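Working notes, structure below.
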C-alpha cells in the first residue's frame, strides 16, 4: 500500500499527479507543482519538449516535480 499512501499524501499537499509508472525497484510518480528549492534541478527532453524536473523521495517512491 505504499504507492496508495504516497498518492494520498501528494494530493493532500495540493499537487496534481500527472503520471506514474513502475521503475526498476520502485514507482516513479510525476507531479505538477512547485518543488522545494533545496532539490537539485535536472533538465530533460521528453517528446521533443525540454522540461526541468526536481527528483525527491516520499514513502520509498520517487517523486518527479515537473516545473517546465
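In the numbering used here, the protein residues as written are 18 to 85. Ideal placement from N, C-alpha and C gives every residue a C-beta, glycine not left out. Source: prediction; values computed, not measured.
Can you say whether residue i is buried or exposed, counting buried as having 16 or more other CB atoms within 10 angstroms of its CB?
{"i": "residue 70", "result": "buried"}
{"i": "residue 23", "result": "buried"}
{"i": "residue 54", "result": "exposed"}
Can you name the residues that DSSP bridges to residue i?
{"i": "residue 36", "result": "47"}
{"i": "residue 68", "result": "61"}
Please work out which residues of its chain come closer than 6 angstroms, Cβ to Cβ, to residue i, disregarding the five sequence neighbours upstream and downstream, and give them in chain order.
{"i": "residue 49", "result": "33, 35 and 83"}
{"i": "residue 52", "result": "71 and 82"}
Once DSSP output is grouped into helix, strand and coil, what is the label at residue i?
{"i": "residue 30", "result": "coil"}
{"i": "residue 75", "result": "strand"}
{"i": "residue 84", "result": "coil"}
{"i": "residue 20", "result": "helix"}
Note down, in chain order, each residue of its chain lying with its Cβ closer than 8 angstroms to the Cβ of residue i, except the 5 sequence neighbours on either side.
{"i": "residue 56", "result": "71, 72, 73 and 82"}
Tell me whether the region 26-45 and the region 76-85 touch, counting them as touching only if at least three CB pairs, one residue from each stretch, are closer than 8 angstroms.
yes
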